[in-house]
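Reviewing the structure listed below.
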Amino acid sequence: MYWAWPVFFYSAQMFGSSISKICYTIGRMTSGVYEHKPWSEKTRQKMKGRVPWNKGLKTGPISNEHKLAISKVLKGRKQPNISKALKGRKIWNKGLTKETSLSMATISKSLKGRKRPECGWNKGLTKETDTRVLKASLAQTKRGFIPWNKGLTKSTDSRILVASKAKEGKPRSAAVRTKVALGVARAWERGVYNKPTSLEHALDLLLQDAGIEYEAQVRFGKYIVDAYVSSHNLVFEADGMFWWNHKDINRERRRDTYLINKGVLAVIHLNDNDLNPWLVT
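Okay, so the sequence shown: first residue is 1180 according to this note's numbering, each after it adds one.
In structure tokens:
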């Protein structure tokens, strides 16, 4: 134990010095007087006698004569820093004359950002054929369809549309929620529940193949379970692949807790992968 004390004090001293260096560096940087670390003697010896890359070059914009001289020197040289993605790709204006290349570049700049025009479905048809095809398509797709604003005036139509847009995203009132809950309760009294889904049908086939006696769509208080095995006091739920990402997942958890408190031994959740062999396509 005695040897640990010097190590502890030495570590604390080193840690404190590191913290002080960091704080000093941050203070210098924030005050705008931060300086780089001075070069060592070895680095100075290496840098001595080295010719800077821009020695002899003029500062400021490069003249056209200088650009021409650089292009003549670099003509025929391969570009060493070309990326693998661009390797072997041909230039779009290769083989074109300078005038053609410039005109094409001007046209592409003028068309930049414009949407490409689409050809109409009735291009090339006469007016009579166009009208006949349009009427036939409307009759086929909207036969028996009554629009919500049929018989309304333009002012009433717009007023209803504005009111419906204003209601979007807002919660329902207490009166509407009570009305919906009463409708569901009356349907449950008559034994009318939700229409079984394809996964619930697959769950039925699974339990039937296993020879297990069960009850489908059983009510427990305010909850409806997909299948209940009374002999083993088990509840089966046919859930989708991403049922845990449900927008009201807390409701599912409250239901499971409620069933366990009511004496159910376990709630077994089966997803698409579990029920896939029994899915009817």
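Glycine is no exception: its CB is placed at the ideal position from the N, C-alpha and C atoms.
With a threshold of 16 other CB atoms inside 10 Å of the CB of residue i, please say whether the residue is buried or exposed.
i	result
Asp1434	It is Arg, not Asp, that sits at residue 1434 in the sequence shown. Classification for Arg1434: buried.
Val1312	exposed
Leu1454	buried
Val1461	Residue 1461 falls outside the range modelled here, since the chain spans only 1180 to 1460, and no answer is possible.
Leu1449	buried
Leu1340	exposed
Leu1438	buried
Output yes or no for whether 9 Å exceeds the beta carbon distance between residue i and residue j.
i	j	result
Glu1416	Asp1427	no
Leu1378	Leu1458	yes
Trp1367	Arg1398	yes
Val1359	Arg1369	no
Ile1403	Asn1373	yes
Leu1375	Ala1395	In the sequence under discussion, the amino acid at residue 1375 is Pro, which differs from the Leu named in the question. Against a cut-off of 9 Å, the Cβ pair of Ala1395 and Pro1375 comes out as a contact.
For residue i, which of the options has the nearest alpha-carbon?
i	options	result
Tyr1393	Gly1400, Leu1382 and Tyr1402	Leu1382
Asp1418	Gly1400, Glu1431 and His1411	Glu1431
Ser1410	Lys1401, His1380 and Leu1444	Leu1444
Tyr1407	Val1446, Gly1348 and His1380	Val1446
Lys1441	Asp1451, Asn1452 and Asn1412	Asn1412
Pro1456	Gly1400, Leu1386, Gly1348 and Thr1436	Leu1386
Only counting the same chain, and skipping five residues up and downstream in sequence, which positions put a Cβ closer than 6 Å to that of residue i?
i	result
Asn1272	Ser1280
Asp1336	Asn1328
Arg1268	none
Leu1247	none
Within the present structure, is the beta-carbon of residue i separated from the nearest heavy atom of the ligand SAH by less than 8 Å?
i	result
Trp1327	The ligand SAH is not part of this structure, which contains no ligands at all.
Among the residues of its own chain, which have a CB less than 7 Å from the CB of residue i, if the five just before and after it don't count?
i	result
His1380	Val1459
Ile1391	Val1408
Gly1362	none
Lys1221	none
Would residue i pass as an interface residue toward chain C - the criterion being a Cβ-Cβ separation below 9 Å?
i	result
Asp1336	The structure shown contains no chain C, having only a single protein chain.
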